[in-house]
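Q: As you go down the protein sequences, you meet chains A and B in turn. Quick note, in numbering that gives the first Met the number 0, the first sequence goes up one by one and the last residue is 280. Quick note, in numbering that gives the first Met the number 0, the second sequence goes up one by one and the last residue is 139. A virtual CB, placed ideally from N, CA and C, is assigned to each residue, including glycine.
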Amino acid sequence: MAVTADANVTFWYGCNMTRHGEIVRLVTQMLEAVGVAAAPAGGPGYCCGSPQESNARIAAGMAARTVEKFNAAGRETVVTWCPSCHMNMDDFMAPVTEAAFETQHITQLLAARAERLRPLLIQPVAARVLLHAHHGFHGRVPVNTDVPMLLGMIPGLTVLDHPLRVPGHMCSAIAAVPGELARAHRETLAAIDEGGADTLVTVFHSCHREAVALERGRPIRVVNWIHLLAEAMGLPYTDDYKLWRNAADVRGIVGADRIAAAGDLAFERLVEPELRRPPAV
Amino acid sequence: MQDPGRTLASHVRDHSARLAVACTECGACYRACPMVPRTPPLADAAPEAVMAGIRDILRDGGGTPEAIAFAGACTRSGVCSAACPEQLDAAFLMRLASLRVRGALGDPPRVAPKHDAGWSARVKAFARLTMNQEEQATWL
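(1) What does residue 30 of chain B reach in chain A if we use C-beta pairs closer than 8 angstroms?
(2) When you compare the CB of residue 81 of chain B with every CB in chain A, is at least one pair closer than 8 angstroms?
(3) Can you look up residue 35 of chain A in the DSSP assignment and give me helix, strand or coil?
(4) Less than 8 angstroms between the C-beta atoms of residue 285 of chain A and residue 140 of chain A, yes or no?
(5) If you follow the beta strand (DSSP E) that residue 11 of chain A is part of, which residue opens it and which one closes it?
(6) When burial is assigned at 16 or more other CB atoms within 10 Å of the CB, is residue 62 of chain B buried or exposed?
(7) Rounding to the nearest angstrom, what Cα-Cα distance links residue 85 of chain B and residue 237 of chain A in this structure?
(8) Would you please verify whether the beta carbon of residue 50 of chain A is less than 8 angstroms from any beta carbon of chain E?
(9) Is the Cβ-Cβ distance between residue 65 of chain A and residue 86 of chain A less than 8 angstroms?
(10) For a contact meaning CB atoms closer than 7 angstroms, what does residue 166 of chain A contact in chain B?
(11) Going by beta carbon distance, what residues of the same chain come within less than 8 angstroms of residue 123 of chain B, once the five residues before and after it are set aside?
(12) May I ask you to report which of helix, strand or coil DSSP gives residue 2 of chain A?
(13) Which ranges would you report for the beta strand (DSSP E) in the stretch 116-155 of chain A if only whole runs of at least 3 residues count?
(14) Which of helix, strand or coil does DSSP assign to residue 199 of chain A?
(15) For residue 194 of chain A, which three-state DSSP category applies?
(16) For residue 76 of chain A, report the span of its beta strand (DSSP E) as first-last.
(17) Identify which residue in A:28, A:32, A:55 has its Cα closest to the Cα of residue 8 of chain B.
(18) Under 8 angstroms by Cβ, that's how I've got residue 57 of chain A and residue 79 of chain A pegged, so tell me the actual separation to the nearest angstrom.
(19) Mind checking residue 22 of chain A: buried by the 16 CB within 10 Å criterion, or exposed?
(20) Could you tell me whether the Cβ of residue 120 of chain B comes closer than 8 angstroms to any Cβ of chain A?
(21) Among residues of its own chain, excluding the 5 on either side of residue 72 of chain B, which ones have a beta-carbon nearer than 7 angstroms to its beta-carbon?
(22) Identify which residue in A:214, A:251, A:172 has its Cα closest to the Cα of residue 82 of chain A.
(23) With 8 angstroms set as the bound, which would you pick, yes or no: does the beta-carbon of residue 119 of chain A sit closer than that to a beta-carbon of chain B?
(24) For residue 197 of chain A, which option in A:129, A:231, A:102, A:61 has the closest C-alpha, if you only look at C-alpha atoms?
(25) Please name the residue, chosen from B:113, B:126, B:104, B:115, that lies closest to residue 57 of chain B on a Cα-to-Cα basis.
(26) Output yes if chain B places a C-beta closer than 8 angstroms to the C-beta of residue 15 of chain A; else output no.
(27) Taking only beta-carbon atoms, is residue 94 of chain B less than 8 angstroms away from chain A?
(28) Report the rounded CA-to-CA distance for residue 53 of chain A versus residue 46 of chain A, giving the unit in angstroms.
(29) What did DSSP end up calling residue 41 of chain A once you bin it into helix, strand or coil?
(30) Could you spell out the range, first to last residue, of the alpha helix (DSSP H) harbouring residue 51 of chain A?
(31) Check whether the Cβ of residue 58 of chain B lies closer than 8 angstroms to any Cβ atom in chain A.
(32) Would you mind listing the alpha helix (DSSP H) stretches within the stretch 44-85 of chain B that are 4+ residues and don't spill past its ends, in chain order?
(33) Is the Cβ-Cβ distance between residue 54 of chain B and residue 19 of chain B less than 8 angstroms?
(34) Count the C-beta pairs between the stretch 251-258 of chain A and the stretch 102-117 of chain B that are closer than 8 angstroms, then say yes if the count reaches three, no if not.
(35) By DSSP, does residue 267 of chain A sit in helix, in strand, or in coil?
(36) Name the chain B residues that come within less than 8 angstroms of residue 269 of chain A, Cβ to Cβ?
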């Protein structure tokens with residue numbers, strides 16, 4: 000599925016979300032179900048400049064190219080996923096390169112269409128969930144209230160009201176600080192125990208790719224909020240990244256065909272070390 | 000309508016100057032920051048003095064070791080903005096200081112820049128693993 004022809008919004012999923020193709024697919028299906036035709040766009044060709052933020056000249060070039068591509072697409076709204084991309088667009092990209100579109104985070108859009116989404120959430124999902132919430136970004140977009148509100152519409156699901164707030168705006172921010180990701184995971188696991196949760200719900204991709212490894216040896220399920228909405232809507236999906244990250248035989252579960260598609264050398268040097276990384280706790 | 004001569008560097012400089020003027024060095028943002036207790040060089044630092052150093056960084060100065068450590072420790076939690084009695088966007092102020100100590104404007108970095116040399120190739124490799132060819136052709 001690669002819907003773009005009649006799209007009225009661009010779904011700017013960011014760069015590192017390429018690990019989670021099923022989330023891009025599910026978001027596009029959900030938006031269509033609530034009356035929004037979305038054209039996904041992301042990867043290095045739509046960079047916000049963040050990976051080169053220590054060089055304003057290079058970052059500016061990448062950011063300007065992205066804004067110009069969105070302008071050329073002619074859609075009035077760019078729907079964001081990544082909090083870094085969203086904040087960079089607001090703070091550095093649109094103020095420097097004139098943007099002919101408005102920006103809205105995916106949580107805002109779905110929250111605004113909650114009454115159209117609610118009747119579509121028909122499959123019960125028996126889960127007692129803890130939200131993996133960060134301090135950051137909530138001051139810009141109320142993700143820590145909008146996501147629980149949306150999840151609360153799922154029949155059979157209980158969202159714990161827990162004060163856990165991890166520093167940073169998502170886990171990639173704290174992963175660079177020695178020991179902080181492990182500390183955040185320990186605090187998250189303690190909150191799961193304290194609240195009697197059986198499911199940990201991530202909001203952002205960088206949190207998801209680290210938190211899925213917490214399933215190893217523990218009776219918990221780690222899912223993204225989009226996965227839960229999809230289950231309630233009856234949309235099938237597979238969280239391949241989680242399967243790969245927790246597999247004893249990484250190459251076996253990814254499969255020779257997919258490894259060949261990624262490129263043997265790229266898989267060995269760029270992908271496999273990440274998938275084999277032990278959980279940070 | 001933007002100034003056609005505007006660049007990211009001029010944008011960073013302009014807002015740095017604006018926020019350096021507006022900040023009163025009260026230290027409320029520093030006290031609210033969840034990273035302060037997790038940053039050893041800040042163990043005995045005075046909040047007001049650290050923020051004086053941050054203002055110096057925003058004004059093209061060298062800052063102080065504690066201010067550089069504080070700017071380098073920012074993980075964008077954003078609680079500083081809610082704590083600011085002047086209602087400044089303290090998170091943006093710290094973002095600007097963080098970019099500057101990492102050498103974004105061409106100065107020698109005072110904090111190691113974040114850099115992942117394999118980022119683009121890794122992102123593309125994962126795309127080939129999780130997206131079909133039509134999706135790659137239209138989504139990337």
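A: Judging by the given coordinates:
(1) Along the second sequence, read from residue 1 onward, the residue named residue 30 of chain B stands at position 31. The premise fails here: residue 30 of chain B is roughly 15 angstroms from chain A at the closest Cβ pair, so nothing lies under 8 angstroms.
(2) For this step, residue 81 of chain B is matched to residue 82 along the second sequence. With 8 angstroms as the cut-off, residue 81 of chain B counts as an interface residue toward chain A.
(3) Counted from its first residue, the first sequence places residue 35 of chain A at position 36. In the structure shown, residue 35 of chain A sits in coil (DSSP, three-state: anything other than H, G, I, E or B).
(4) Given a span of 0 to 280 for chain A in the structure shown, any question on residue 285 of chain A remains unanswerable.
(5) Residue numbering aside, residue 11 of chain A sits at position 12 when the first sequence is read from its first letter. 8-13 is the extent of the beta strand (DSSP E) around residue 11 of chain A.
(6) Working through the second sequence from its first residue, we reach residue 62 of chain B at position 63. When all chains shown are included, residue 62 of chain B counts as buried.
(7) Here residue 85 of chain B corresponds to residue number 86 of the second sequence, with the count starting at 1. Here residue 237 of chain A corresponds to residue number 238 of the first sequence, with the count starting at 1. For residue 85 of chain B and residue 237 of chain A, the distance between alpha carbons rounds to 48 angstroms.
(8) Chain labels in this structure do not include chain E; the protein chains are A and B.
(9) The residue you call residue 65 of chain A lines up with position 66 of the first sequence. The residue you call residue 86 of chain A lines up with position 87 of the first sequence. Contact: no.
(10) If you number the first sequence from 1, residue 166 of chain A lands on position 167. By Cβ distance, chain B contributes 33, 34, 74, 76.
(11) Here residue 123 of chain B refers to the residue found at position 124 when the second sequence is read from its first residue. Correct list, in chain order: 139.
(12) Within the first sequence, numbered from 1, the residue matching residue 2 of chain A stands at position 3. Reliability of the predicted coordinates at residue 2 of chain A is poor, the pLDDT of 48 falling under 50, and the value obtained from them is presented with this limitation in mind. Correct three-state label for residue 2 of chain A: coil.
(13) 126-131
(14) Locating residue 199 of chain A in the first sequence gives position 200, where the first residue counts as 1. Strand.
(15) Within the first sequence, residue 194 of chain A is the residue found at index 195, counting from 1. The answer is helix: DSSP assigns residue 194 of chain A an H, G or I state.
(16) As a working mapping, residue 76 of chain A is identified with position 77 in the first sequence. Element bounds for residue 76 of chain A: 76-79.
(17) The count along the second sequence starts at 1 and reaches residue 8 of chain B at position 9. If we check each option's Cα against that of residue 8 of chain B, A:55 comes out closest.
(18) Position 58 of the first sequence, counting from 1, holds the residue named residue 57 of chain A. Position 80 of the first sequence, counting from 1, holds the residue named residue 79 of chain A. Between residue 79 of chain A and residue 57 of chain A the Cβ distance is about 22 angstroms, and since that is not below 8 angstroms, they are no contact.
(19) The residue labelled residue 22 of chain A in the question sits at position 23 within the first sequence. With 16 or more other Cβ atoms within 10 Å, it is buried.
(20) By one-based count along the second sequence, residue 120 of chain B stands at place 121. Answer yes: the Cβ-Cβ gap between residue 120 of chain B and chain A drops below 8 angstroms somewhere.
(21) Within the second sequence, numbered from 1, the residue matching residue 72 of chain B stands at position 73. These residues qualify, in order along the chain: 34, 38.
(22) Here residue 82 of chain A corresponds to residue number 83 of the first sequence, with the count starting at 1. Considering only alpha carbons, the answer is A:172.
(23) On the first sequence, residue 119 of chain A is found 120 positions in, with the first residue counted as 1. With 8 angstroms as the cut-off, residue 119 of chain A does not count as an interface residue toward chain B.
(24) Here residue 197 of chain A corresponds to residue number 198 of the first sequence, with the count starting at 1. Looking at the Cα atoms, A:129 is the closest of the given residues.
(25) Sequence index remark: in the second sequence, residue 57 of chain B carries index 58 (1-based). Of B:113, B:126, B:104, B:115, the residue nearest in Cα terms is B:104.
(26) For this step, residue 15 of chain A is matched to residue 16 along the first sequence. It does: the Cβ of residue 15 of chain A has a partner Cβ on chain B nearer than 8 angstroms.
(27) Start at 1 with the first residue of the second sequence, and residue 94 of chain B comes out as number 95. Answer yes: the Cβ-Cβ gap between residue 94 of chain B and chain A drops below 8 angstroms somewhere.
(28) Locating residue 53 of chain A in the first sequence gives position 54, counting from the first residue. Locating residue 46 of chain A in the first sequence gives position 47, counting from the first residue. Distance between the alpha carbons of residue 53 of chain A and residue 46 of chain A: 15 angstroms.
(29) Translated into positions along the first sequence, residue 41 of chain A becomes position 42. In this structure, residue 41 of chain A counts as strand in the three-state DSSP scheme.
(30) Your numbering for residue 51 of chain A matches position 52 in the first sequence. From DSSP, residue 51 of chain A is part of no alpha helix (DSSP H); its letter is neither H nor E.
(31) Against the second sequence, residue 58 of chain B aligns to sequence position 59. No, residue 58 of chain B lies away from the interface with chain A (no Cβ there is under 8 angstroms from its Cβ).
(32) 46-57, 64-72, 78-82
(33) Numbered from its first residue, the second sequence carries residue 54 of chain B at position 55. Numbered from its first residue, the second sequence carries residue 19 of chain B at position 20. Taking 8 angstroms as the Cβ cut-off, residue 54 of chain B and residue 19 of chain B qualify as a contacting pair.
(34) no
(35) Reading the first sequence from its first residue, position 268 is the one you call residue 267 of chain A. Correct three-state label for residue 267 of chain A: helix.
(36) As a working note, residue 269 of chain A is residue 270 in the first sequence. Within 8 angstroms Cβ-Cβ: 117, 120, 121, 124.
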